[in-house]
Amino acid sequence: MKYFNIIYMNKKYDIIIIWAWAAGLFTSIESPVSLRKLILEKNKNPGVKVLLSGWERANVSNIDIEPERDYFGQNKKALIGMFKKYNQYDIMWFFAENGVNIIEEDRGRLILESWDSRELLNLLIKKSKENNTNIECNASVASIMKVGEKFEILTQDGTRYTADKIVITSGWKSFSQVGTTG
Numbered sequence: 025m026k027y028f029n030i031i032y033m034n035k036k037y038d039i040i041i042i043w044a045w046a047a048g049l050f051t052s053i054e055s056p057v058s059l060r061k062l063i064l065e066k067n068k069n070p071g072v073k074v075l076l077s078g079w080e081r082a083n084v085s086n087i088d089i090e091p092e093r094d095y096f097g098q099n100k101k102a103l104i105g106m107f108k109k110y111n112q113y114d115i116m117w118f119f120a121e122n123g124v125n126i127i128e129e130d131r132g133r134l135i136l137e138s139w140d141s142r143e144l145l146n147l148l149i150k151k152s153k154e155n156n157t158n159i160e161c162n163a164s165v166a167s168i169m170k171v172g173e174k175f176e177i178l179t180q181d182g183t184r185y186t187a188d189k190i191v192i193t194s195g196w197k198s199f200s201q202v203g204t205t206g
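If you want the working numbering, it's the position in the sequence shown, counting the first as 1, plus 24.
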């Protein structure tokens, strides 16, 4: 029989976001500053996939987006409402407001003028931390359980977290080098 040394530390947050990729970082930025937020990232650094976006040129969006045409899945109509609340022009404004220039490339891709995805990642991490967010790397999630009205998350190293809400920002299947399992 194997025994495991489990660390019973319970850290409490309002929101826990799983994965520190673009969607996870941006979720933390757009969440109310008054809430205590945590991003759990299983890689040793946040934003590994962000650094690969647009072949490291930081493809942030497209100028011509139609959810019913451009996205896969069963509930494309739900995307229409989301894009009405926050669209490609809002993301362009977000970057402009933060001193990052966006240009339109072939086929309507919106990329950073610098062609440097590290500029994108650094901005997302900075804004996330400014918005009352902690980021913990090397924190691979082992389990998520609903306990009453709260969520309890246990990481592989035995750390236990509690949150009122969780957001899983899985994104699309990617390269195994960025920590995805498909």
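The C-beta atom is built at its ideal place from N, Cα and C for all residues, glycine as well.
Mapping the DSSP letters down to three states, classify Val124 as helix, strand or coil.
coil
Since Glu152 contacts Ile53 with CB under 8 Å, what's their CB separation in whole angstroms?
A small correction: the amino acid at residue 152 is Ser; Glu does not occupy that position in the sequence shown. So it is a contact: roughly 5 Å between Cβ atoms.
Quickly, what does DSSP pair Val171 with across the bridge? List them, please.
Lys174
Quick one: what's Ala187 bridged to in DSSP?
Tyr37 and Phe175
Out of Ser194, Asp130, Ile159 and Ile126, state which residue places its alpha-carbon closest to the alpha-carbon of Trp139.
Ile126
Would you tell me roughly how many angstroms separate the C-alpha atoms of Arg131 and Val72, rounded to the nearest one?
25 Å
DSSP state of Ile89, grouped into three classes?
coil
Does the distance from the C-beta atom of Ile87 to that of Leu134 stay below 8 Å?
yes
Nearest-angstrom Cα distance between Leu136 and Trp45?
17 Å
Environment of Lys109 [buried if 16+ CB atoms lie within 10 Å]
exposed
Taking all protein chains shown into account, do 16 or more other C-beta atoms lie within 10 angstroms of the C-beta of Met25, making it buried, or fewer, making it exposed?
Residue confidence for Met25 is low, a pLDDT of 43 falling below 50, so the modelled location carries little weight and cannot support an answer.
Between Ile41 and Lys61, how many whole angstroms is the CB-CB distance? I'm expecting something under 8 Å.
7 Å
Could you name the residues of the same chain whose beta carbon sits closer than 8 Å to that of Tyr95, not counting the 5 residues immediately before and after it, in chain order?
Leu103
Grab the span of the alpha helix (DSSP H) containing Thr193 for me, first residue to last.
No alpha helix (DSSP H) contains Thr193, which DSSP labels as neither H nor E.
Do Thr179 and Leu49 have their C-beta atoms within less than 8 Å of each other?
no
What are the boundary residues of the alpha helix (DSSP H) that Leu147 is part of?
Ser141 to Glu154
List the whole-angstrom C-beta distance separating Arg81 from Ser141, where the pair is believed to meet the contact cut-off of C-beta under 8 Å.
7 Å
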